[in-house]
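Heads up, the thing below is written out as structure tokens.
2 protein chains.
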Amino acid sequence: MIQVKAFAAYDAETPLRPFEFERKEVGANQVQIEILYSGVCHSDIHTAKGDWGPAIYPLVPGHEIVGKIIKTGENVTKFEVGELAGVGCFVDSCRKCQSCIEGEEQFCDEGMTGTYNSYERGTTTPTYGGYSTTITVDQDYVLHVSDKLDLKGVAPLLCAGITTYSPLRYLKVGKGHKVAVLGLGGLGHMAVKFAASFGAEVTMLSTSPSKEADAKALGAHHFALTTDPATMDSLANSFDFILNTVSAKHDYNTYLNLLKKNGTMIIVGAPPAGEPLQAFTLIFKRRSIMGSLIGGIKETQEMLDYCAEHNITADVEVIDMDYINEAYDRMNKSDVKYRFVIDMASMK
Amino acid sequence: MIQVKAFAAYDAETPLRPFEFERKEVGANQVQIEILYSGVCHSDIHTAKGDWGPAIYPLVPGHEIVGKIIKTGENVTKFEVGELAGVGCFVDSCRKCQSCIEGEEQFCDEGMTGTYNSYERGTTTPTYGGYSTTITVDQDYVLHVSDKLDLKGVAPLLCAGITTYSPLRYLKVGKGHKVAVLGLGGLGHMAVKFAASFGAEVTMLSTSPSKEADAKALGAHHFALTTDPATMDSLANSFDFILNTVSAKHDYNTYLNLLKKNGTMIIVGAPPAGEPLQAFTLIFKRRSIMGSLIGGIKETQEMLDYCAEHNITADVEVIDMDYINEAYDRMNKSDVKYRFVIDMASMK
Numbered sequence: 001m002i003q004v005k006a007f008a009a010y011d012a013e014t015p016l017r018p019f020e021f022e023r024k025e026v027g028a029n030q031v032q033i034e035i036l037y038s039g040v041c042h043s044d045i046h047t048a049k050g051d052w053g054p055a056i057y058p059l060v061p062g063h064e065i066v067g068k069i070i071k072t073g074e075n076v077t078k079f080e081v082g083e084l085a086g087v088g089c090f091v092d093s094c095r096k097c098q099s100c101i102e103g104e105e106q107f108c109d110e111g112m113t114g115t116y117n118s119y120e121r122g123t124t125t126p127t128y129g130g131y132s133t134t135i136t137v138d139q140d141y142v143l144h145v146s147d148k149l150d151l152k153g154v155a156p157l158l159c160a161g162i163t164t165y166s167p168l169r170y171l172k173v174g175k176g177h178k179v180a181v182l183g184l185g186g187l188g189h190m191a192v193k194f195a196a197s198f199g200a201e202v203t204m205l206s207t208s209p210s211k212e213a214d215a216k217a218l219g220a221h222h223f224a225l226t227t228d229p230a231t232m233d234s235l236a237n238s239f240d241f242i243l244n245t246v247s248a249k250h251d252y253n254t255y256l257n258l259l260k261k262n263g264t265m266i267i268v269g270a271p272p273a274g275e276p277l278q279a280f281t282l283i284f285k286r287r288s289i290m291g292s293l294i295g296g297i298k299e300t301q302e303m304l305d306y307c308a309e310h311n312i313t314a315d316v317e318v319i320d321m322d323y324i325n326e327a328y329d330r331m332n333k334s335d336v337k338y339r340f341v342i343d344m345a346s347m348k
Numbered sequence: 001m002i003q004v005k006a007f008a009a010y011d012a013e014t015p016l017r018p019f020e021f022e023r024k025e026v027g028a029n030q031v032q033i034e035i036l037y038s039g040v041c042h043s044d045i046h047t048a049k050g051d052w053g054p055a056i057y058p059l060v061p062g063h064e065i066v067g068k069i070i071k072t073g074e075n076v077t078k079f080e081v082g083e084l085a086g087v088g089c090f091v092d093s094c095r096k097c098q099s100c101i102e103g104e105e106q107f108c109d110e111g112m113t114g115t116y117n118s119y120e121r122g123t124t125t126p127t128y129g130g131y132s133t134t135i136t137v138d139q140d141y142v143l144h145v146s147d148k149l150d151l152k153g154v155a156p157l158l159c160a161g162i163t164t165y166s167p168l169r170y171l172k173v174g175k176g177h178k179v180a181v182l183g184l185g186g187l188g189h190m191a192v193k194f195a196a197s198f199g200a201e202v203t204m205l206s207t208s209p210s211k212e213a214d215a216k217a218l219g220a221h222h223f224a225l226t227t228d229p230a231t232m233d234s235l236a237n238s239f240d241f242i243l244n245t246v247s248a249k250h251d252y253n254t255y256l257n258l259l260k261k262n263g264t265m266i267i268v269g270a271p272p273a274g275e276p277l278q279a280f281t282l283i284f285k286r287r288s289i290m291g292s293l294i295g296g297i298k299e300t301q302e303m304l305d306y307c308a309e310h311n312i313t314a315d316v317e318v319i320d321m322d323y324i325n326e327a328y329d330r331m332n333k334s335d336v337k338y339r340f341v342i343d344m345a346s347m348k
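Protein chains in written order, with our numbering: chain A, 1 to 348; chain B, 1 to 348.
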């Protein structure tokens, strides 16, 4: 057995604290990764707090993982010891359904196996995520990571990156399109980078004037203050796409009105309750709302390769493992530019 | 001036009653149509009752109009006296914006000129709809109607027909697609006919077991009772498209769950208040909701030609003009198969 040091939530209320557990020895098709950096996603907080349903405690969050291969099973052909590797939001899926066959494992008919808060397929062994020293994953669910990029900024690509990359690619967003990004956090800042990189004209929509300089530094061409009625009026019917990353309560219709005819609002954040949708707002301009969920292994690899080629990483604040509870508090106040990443060396 | 007999709503409360008014003489680019049949749309009721905002009273409803050309202006080249013709939901638009240039006048930037409850462009002369003996319209906003079809069943094509035809065409619905139709009324029965005609496998979703035989007679391949939880469970993730024609309050999320990955729910009915939309329902299968609004003149003509070629008409109950208030009452109880059409000969 492999001894692992980690940080875990033991229940919905108390702060995360140290946790030690054992992982099974590396299987024939598995690789063992020494985790170097683990990004901190809002999903980690929601899951740890039980916001999205009962959690499996102790819960070790973390699904934005980069590290180094330290062991490979006998059948492993895709990775060698010493190579850099990444693990995202899932570590397994049924491999048989249409979505799995098409490489869209995130939509697996049986449900993907989450990197944490799931059970290893067909067992009662919980999966434990990236807030730990090492992880063991089937080679088919591990990503290659380039050594050209700063690893700290690569970790968040595994969730925040692919979550915004995937719908922009699915909808073929690029040159000639006007794209608005709603919400400047972990997802929003990656959305700006990707949309701009794909050639679109990007506008950051925000309630806070202080974000204008930041948004433009990230690559946004324009900034619009959504609290100003005159600005909102002037932007009616002007965007081809809105990438909506907001998971707090907000009015969809206000933003839908900013879409052109045939425009689409992409939803990657999930407000806690259902948001009222006015049918006429869609009907009068043939507008759409589309949801999108991370990406499959194939597309995640494509995204990582694209980032290596175009020098794209997340903007991060590196923290030690024992800062995690303070980091959660700050994330709940949107006080991070734009992603916390845990330096796992701090746990050894 | 042309003397016109009509039926009008004089206010939001009292029944419709006779109304006489004058129309201007036929302009150089206009045709005068003797109205033979006028379909009765739910929009007529909503507008007459002021449900969608202040109405211009006296209000003459009716935007599913077929008749015969009885006079043409000196510049008219598209129509000759004696030909059959149709008029739908609008009689003018700006003609300059991108949508008008593309033949999608329903999305005119300045707003289309409604067949009723609007003002003739640049004037304070109200437009009066199809519950009348004659109408005068610019030739560019008039449709050619084949003499191969039963005219009574053609009238509803001008709104119920194009409203369902347009989104199915826009989304390229056809062979290999599974399509569900929600709501078996004026719109729903046309949706079944078109979707089946385009080669899709069609399921009628209904709360009423009594509608099964009717739905199948219209061309639906399957019928599903939405009040049965086991049926709904078995239909989860099974449709490529749902054409949602319901304008009463209902839960979008229940039906969105029936869509496959990448599936789209088309909304052509507008519930009175905003319906709560659960983001996760869209996110977990990359589902979409899209609104759609009638169609432009070009597409409406294409639809009428398609109907003539494929022998498609609406199923109608023909009524006399003075039955209109009873017809409204029955429509509010969904007691019509599937569209009332006024025989305008009853008014002379």
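The beta-carbon is built from N, C-alpha and C at its ideal position, and this holds for glycine as well.
**Item:** Cα-Cα separation, Cys89(A) to Gly39(B)
**Value:** 54 Å
**Interface partners of Tyr252(A) on chain B, CB under 8 Å** = Leu277
**Identity of the residue in Gly27(B), Pro61(B), Val318(B), Leu277(B) nearest Arg17(B) by Cα** = Pro61(B)
**Tyr10(A) - DSSP class collapsed to helix/strand/coil** = coil
**Request:** For Glu34(B), collect the residues of the same chain with a Cβ closer than 6 Å to its Cβ; drop the 5 residues on either side in sequence, then sort them by chain order.
**Result:** Gly67, Lys68, Ile70, Thr134
**Request:** Have a look at Ala345(B) and Glu275(A) and give me their C-alpha separation to the nearest angstrom.
**Result:** 49 Å
**Element boundaries [beta strand (DSSP E), containing Glu20(A)]** = 17 to 23
**Prompt:** What's the call for Asp44(A), buried or exposed, on a 16-neighbour Cβ count within 10 Å?
**Reply:** buried
**Prompt:** DSSP on Arg121(B), reduced to helix/strand/coil?
**Reply:** coil
**Request:** Please check the pair Asp214(B) and Leu184(B), which I expect to be a contact at CB under 8 Å, by giving their CB distance rounded to whole angstroms.
**Result:** 7 Å
**Asked** Among the residues of its own chain, which have a CB less than 8 Å from the CB of Asn325(B), if the five just before and after it don't count?
**Response** Pro15, Leu16
**Message:** Is Lys261(B) close to chain A? Criterion is C-beta to C-beta, closer than 9 Å.
**Reply:** yes
**6 Å CB neighbourhood of Ser93(A) in its chain, flanking five on each side removed** = Cys100, Glu105, Cys108, Met112
**Asked** What does Arg95(A) touch in chain B if you count any residue whose Cβ is under 7 Å from its own?
**Response** The contacting residues do not exist; Arg95(A) stays about 16 Å from chain B at best.
**Message:** In the DSSP output, which residue or residues are listed as bridge partners for Gln30(A)?
**Reply:** Asp138(A)
**Prompt:** Shortest alpha-carbon distance to Ala9(A) belongs to which of Gly27(A), Thr47(A), Met1(A), Val26(A)?
**Reply:** Thr47(A)
**Prompt:** When the cut-off is 9 Å and only beta carbons count, does Asp322(B) lie next to chain A?
**Reply:** no
**Item:** Nearest candidate by alpha-carbon position, reference Thr203(B), set Leu225(B), Pro54(B), Leu187(B)
**Value:** Leu225(B)
**Prompt:** If we count the other Cβ atoms within 10 Å of its Cβ and call it buried at 16 or more, is His310(B) buried or exposed?
**Reply:** exposed
**Asked** Going by C-alpha distance, which of Val192(B), Gly129(B), Asn244(B) is nearest Leu59(B)?
**Response** Gly129(B)
**Request:** Could you tell me which of Arg330(B), Met303(B), Tyr338(B) sits nearest to Glu317(B), measuring between CA atoms?
**Result:** Tyr338(B)
**Prompt:** Sorry if obvious, but does the Cβ on Pro276(B) come closer than 8 Å to a heavy atom of the ligand MG?
**Reply:** Ligands are entirely absent from the displayed structure, and the ligand MG is therefore not among its contents.
**Asked** Going by DSSP, what residues sit across from Asp92(B) in a beta bridge?
**Response** Thr113(B)
**Message:** What are the residues in the stretch 283 to 298 of chain A lying within 9 Å of chain B by C-beta distance?
**Reply:** Ile283, Phe284, Lys285, Arg286, Arg287, Ser288, Ile289, Met290, Gly291, Ser292, Leu293
**Prompt:** Beta-carbon separation of Ala388(B) and Tyr37(B) under 9 Å?
**Reply:** Only positions 1 to 348 of chain B appear in this structure, which leaves residue 388(B) out of reach.
**Message:** Across the stretch 294 to 302 of chain B and the stretch 156 to 168 of chain B, are there enough close Cβ pairs to call them in contact, namely three or more that are closer than 8 Å?
**Reply:** yes
**Prompt:** Any Cβ of chain B within less than 9 Å of the Cβ of Phe374(A)?
**Reply:** Not covered by the structure: residue 374(A). The range shown for chain A is 1 to 348.
**Prompt:** Cβ atoms of Ser288(B) and Asn262(B): under 9 Å apart, would you say?
**Reply:** yes
**Item:** Every unbroken beta strand (DSSP E) inside the stretch 236 to 313 of chain A [3 residues or more]
**Value:** 239 to 244, 259 to 267, 275 to 277, 288 to 291
**Item:** Cβ-based contacts, 8 Å cut-off: residues of the stretch 262 to 273 of chain A near chain B
**Value:** Thr264, Ile267, Val268, Gly269, Ala270, Pro271, Ala273
**Simplified DSSP state of Lys211(A), which is helix, strand or coil** = helix
**Asked** Less than 9 Å separating the beta-carbons of Glu74(A) and Ala6(A)?
**Response** no
**Item:** Proximal chain B residues relative to Ser99(A), where beta-carbon distance stays under 9 Å
**Value:** Lys261
**Prompt:** Counting contacts by CB-CB distance shorter than 9 Å, is Pro167(B) in contact with chain A?
**Reply:** yes
**Message:** Buried or exposed for Met1(B), going by 16 or more other Cβ atoms inside 10 Å?
**Reply:** exposed
**Message:** According to DSSP, is Thr1(A) part of a helix, a strand, or is it coil?
**Reply:** It is Met, not Thr, that sits at residue 1(A) in the sequence shown. Coil, per DSSP.
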